[in-house]
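*Asks:* Below is the structure I would like to discuss, written out as structure tokens.
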Ligand code: ITT
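Numbering (the working numbering), first residue to last: 28 to 221.
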């Protein structure tokens with residue numbers, strides 16, 4: 028069994044990585060499976076920078092191959108906010124019901140376009156580092172809808188599905204999501220290295 032360590036403590040991300048990687052024969056571990064906590068300072072200004080900071084911090088601490096995800100929602104009418112600050116937007120402890128309602132109110136009467144962005148960085152055991160980007164375009168829904176997924180999924184209306192990404196199965200979300208796109212590109216690279 029091939030093992031992949033993901034530099035995330037977000038259990039929803041871990042679930043999505045598992046759903047996509049386990050069928051390919053990978054066993055997924057995350058920060059939560061490590062015996063001690065490793066501090067990661069997300070000081071970057073871009074998804075690329077933060078994703079590489081997460082992967083490199085873990086690689087340097089443990090010496091093994093590491094994959095990391097940095098992602099977020101960019102709302103056109105908010106000049107791309109919350110972007111890399113998506114998790115910290117309105118405070119880490121603020122509920123997503125409040126964050127999502129704030130964004131719905133903020134785009135009222137404005138252009139509703141938005142996108143989810145994900146950059147996955149992979150650092151191999153020998154330190155070789157590569158990154159993969161995935162973007163999915165959609166719109167901010169006019170109400171909170173759906174109870175699947177996480178974070179901003181309940182307000183992310185995906186036109187081809189005629190509903191939000193919180194209202195479809197994990198499989199349907201992964202098939203079109205920013206994370207799914209970036210991860211499939213990374214897996215192609217991994218296959219070439221086997
Ligand atoms: P790690 O740093 O431990 O990976 P995190 O949640 O803090 O966990 P990020 O810094 O990459 O990760 O922030 C990502 C945030 O962007 C996430 O907490 C959500 O608010 C939002 N987000 C990213 N992908 C999403 C998705 O698929 N669906 C809904 N919201 C998403």
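By construction, the Cβ of each residue, glycine as well, lies at the ideal position given by its N, Cα and C atoms.
#1: Where in the stretch 169–197 do unbroken runs of the alpha helix (DSSP H), each at least 4 residues long, occur, reported from the N-terminal end onward?
#2: DSSP on residue 116, reduced to helix/strand/coil?
#3: Please state whether DSSP places residue 79 in a helix, a strand or coil.
#4: In its own chain, which residues sit with a C-beta less than 6 Å from the C-beta of residue 139, not counting the 5 before and 5 after it?
#5: Decide if residue 178 is buried, meaning its Cβ has at least 16 other Cβ atoms within 10 Å, or exposed.
#6: Can you tell me which of the three DSSP states residue 106 falls into?
#7: If I measure Cβ to Cβ from residue 234 and keep anything under 8 Å in the same chain, skipping five residues before and after, which residues do I get?
#8: Are residue 79 and residue 148 closer than 7 Å when you measure CB to CB?
#9: Should residue 62 be labelled buried (16 or more other beta-carbon atoms within 10 Å of its own) or exposed?
#10: Determine, using beta-carbon pairs with one atom in the stretch 152–161 and one in the stretch 207–221, whether at least three such pairs fall under 8 Å.
#11: Expressed to the nearest angstrom, what Euclidean distance is found between the alpha-carbon atoms of residue 51 and residue 104?
#12: Looking only at its chain, what residues have a beta carbon closer than 7 Å to the beta carbon of residue 150, apart from the 5 residues adjacent to it on each side?
#13: One question on the structure: do residue 190 and residue 183 come within less than 7 Å of each other, judged by their Cβ atoms?
#14: Using a threshold of 6 Å, is the CB atom of residue 193 nearer than that to any non-hydrogen atom of the ligand ITT?
*Replies:* Judging by the given coordinates:
#1: Within the stretch 169–197, no run of alpha helix (DSSP H) at least 4 residues long lies entirely inside it.
#2: As a working mapping, residue 116 is identified with position 89 in the chain shown. Residue state for residue 116 is assigned as coil, using DSSP reduced to three classes.
#3: Within the chain shown, residue 79 is the residue found at index 52, counting from 1. The answer is helix: DSSP assigns residue 79 an H, G or I state.
#4: Within the chain shown, the letter at position 112 stands for residue 139. So the qualifying residues of the chain are 166 and 167.
#5: For the purposes of this step, residue 178 is taken as residue 151 along the chain shown, with counting starting at 1. By the neighbour-count criterion, in which 16 or more other beta carbons inside 10 Å mark a residue as buried, residue 178 falls on the buried side.
#6: Taking the chain shown and counting its residues from 1, the one referred to as residue 106 is at position 79. It is coil, neither helix nor strand.
#7: Because the chain spans 28 through 221 in this model, residue 234 falls outside it and cannot be assessed.
#8: Reading the chain shown from its first residue, position 52 is the one you call residue 79. Reading the chain shown from its first residue, position 121 is the one you call residue 148. Contact: yes.
#9: Position 35 of the chain shown, counted from the start, is the residue given in the question as residue 62. Exposed is the call here.
#10: The stretch 152–161, when compared against the stretch 207–221, does touch it at the 8 Å Cβ threshold.
#11: Along the chain shown, read from residue 1 onward, the residue named residue 51 stands at position 24. Along the chain shown, read from residue 1 onward, the residue named residue 104 stands at position 77. Distance between residue 51 and residue 104, taken at the CA atoms: about 39 Å.
#12: The residue given as residue 150 occupies position 123 in the chain shown. Once the five neighbours on either side are set aside, the close Cβ partners of residue 150 are 82, 83, 86, 92, 93 and 156.
#13: Mapped onto the chain shown, residue 190 falls at position 163. Mapped onto the chain shown, residue 183 falls at position 156. Using a Cβ distance threshold of 7 Å, residue 190 and residue 183 do not count as a contacting pair.
#14: Residue mapping note: residue 193 aligns to position 166 of the chain shown, counting from 1. Checking the Cβ of residue 193 against the ligand ITT gives no.
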